[in-house]
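In the working numbering, the protein residues as written are 1425 to 1749. Beta carbons are placed, not taken as given, at the ideal position from N, Cα and C, and that holds for glycine. Treat the numbers as computed from the prediction; the structure is a model and nothing was measured. For reference, the structure is listed below as structure tokens.
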């Protein structure tokens, strides 16, 4: 299943995709949308095209290109930039794109345990030969909330209607509640006693951000996991890269057996650590602020976000969330 979009949003995305494809010499006719949450990701053989917009998109894309090149140089298990595309990122109006080598994947869906080996490799790095930001999750959440508060009239009106229909409150009150939760999370974070040394981290290490590359070695060969979506790469606590897997078991209905296999392979059980409850709350703030400024024309994302926020406001830790599509 791919992301459901309004005709207007779909037309805008495909217009920018066609522009980018023309710049990199790819036929957009066979392109298909894989997902659109914070970025629109298209498979356009032989490349994958990631499109993003917003005030920080160009800066982030430039950094990701440098980070990807540095990770390739040191042999990390990550996706590679598109070969033969020398000028990256690629611009189309106020949108920015990066082009990646398409990776043929194995038939199986990635499991939590598939994250363990690439994360251990990545976590062996104390630094990269490129400037990485310091981990600062709350700052990013606040930027998203501020962007939602400053939407142009059409987007602002749609967000206002959604907020009143789903929660019976004005947008300003909804965003104010989330700002206060960010303040509390930041205070709690200052008191966390970390158990692992800081270093290079992925920043959003969940199973949706890993590819099981087809090995070409026959049916019995184990696929090689590769980390993708390098936007969140930074210097920070390695525990943060373990949060999505633990949170998948706690909130997304992943099996505890699958989580234990990951724990055994990586060597740390985050749920048994005193800082877990704080990081869980921060992860949940990440997952409700990531799309709040870009709901227009995306009905499935809007419905899932409303469900997540209702459980957050009710302190309902048992509600199951679904991945955005």
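Note on geometry: alpha-carbon atoms of residue 1733 and residue 1545 lie some 35 angstroms from one another. About 5 angstroms separates the CB atoms of residue 1529 and residue 1636; that is less than 8 angstroms, so the two are in contact. Using a 10 angstroms sphere on the CB of residue 1520, the tally of other CB atoms reaches 16 or more, which defines it as buried. Within the segment 1476-1545, the complete alpha helix (DSSP H) runs of at least 4 residues fall at 1481-1497. If you look at residue 1725, you'll find it in the alpha helix (DSSP H) that goes 1723-1737. Following the DSSP letters along the chain, one finds residue 1668 inside the alpha helix (DSSP H) bounded by residues 1667-1675.
Rounded to the nearest whole angstrom, the CA to CA distance from residue 1685 to residue 1466 is 32 angstroms.
Secondary structure at residue 1660: strand, using DSSP grouped into helix, strand and coil. Residue 1704 and residue 1671 do touch by the CB rule: their CB atoms are close to 6 angstroms apart, below 8 angstroms. Selection 1440, 1749, 1555, 1610 evaluated against residue 1707 yields 1610 as nearest (Cα-Cα). The count of Cβ pairs closer than 8 angstroms, one atom from the segment 1504-1513 and one from the segment 1605-1624, stays below three, leaving the stretches out of contact. Rounded to the nearest angstrom, the gap between the Cα atoms of residue 1689 and residue 1491 is 26 angstroms. Residue 1679 is classed as exposed because its beta carbon has fewer than 16 other beta carbons within 10 Å across all chains shown. A straight-line Cα-Cα distance of about 39 angstroms links residue 1444 and residue 1607. Rounded to the nearest whole angstrom, the CA to CA distance from residue 1749 to residue 1552 is 32 angstroms. When C-alpha distances from residue 1542 are compared across 1741, 1666, 1459, the shortest belongs to 1666. If you ignore the 5 residues before and after residue 1486, its C-beta comes within less than 8 angstroms of the C-beta of 1513, all in its own chain and listed in chain order.
Just so you know, the alpha carbons of residue 1745 and residue 1623 end up roughly 30 angstroms apart. Looking at the backbone, the Cα of residue 1724 and that of residue 1532 are separated by about 25 angstroms. Taking the CA atoms as reference points, residue 1522 sits about 16 angstroms from residue 1651. Scanning the segment 1591-1652 for uninterrupted alpha helix (DSSP H) segments of 4 residues or longer gives 1595-1613, listed from N- to C-terminal end. Judged by beta-carbon spacing, residue 1736 lies beyond the 9 angstroms limit of residue 1594, meaning their Cβ atoms are not closer than that value. For residue 1472, the secondary structure class from DSSP, reduced to helix, strand or coil, is strand. Note that the C-beta distance between residue 1693 and residue 1668 is not below 9 angstroms. Counted as a single uninterrupted DSSP element, the alpha helix (DSSP H) harbouring residue 1709 occupies residues 1700-1713.
Contact between residue 1715 and residue 1462 holds, since their C-beta atoms are separated by about 7 angstroms, short of 8 angstroms. Within a 10 Å sphere around the beta-carbon of residue 1663 sit 16 or more other beta-carbons, which makes this residue buried. When rounded, the separation of the alpha-carbon atoms in residue 1459 and residue 1435 is 15 angstroms. Inter-residue distance for residue 1431 and residue 1437 is about 10 angstroms (C-alpha atoms, whole angstroms). For the 9 angstroms CB-CB criterion, residue 1654 and residue 1630 do not form a contact.
Residue 1564 and residue 1598 have their alpha carbons spaced roughly 17 angstroms apart. In this structure, the beta-carbon distance from residue 1534 to residue 1632 falls below 9 angstroms.
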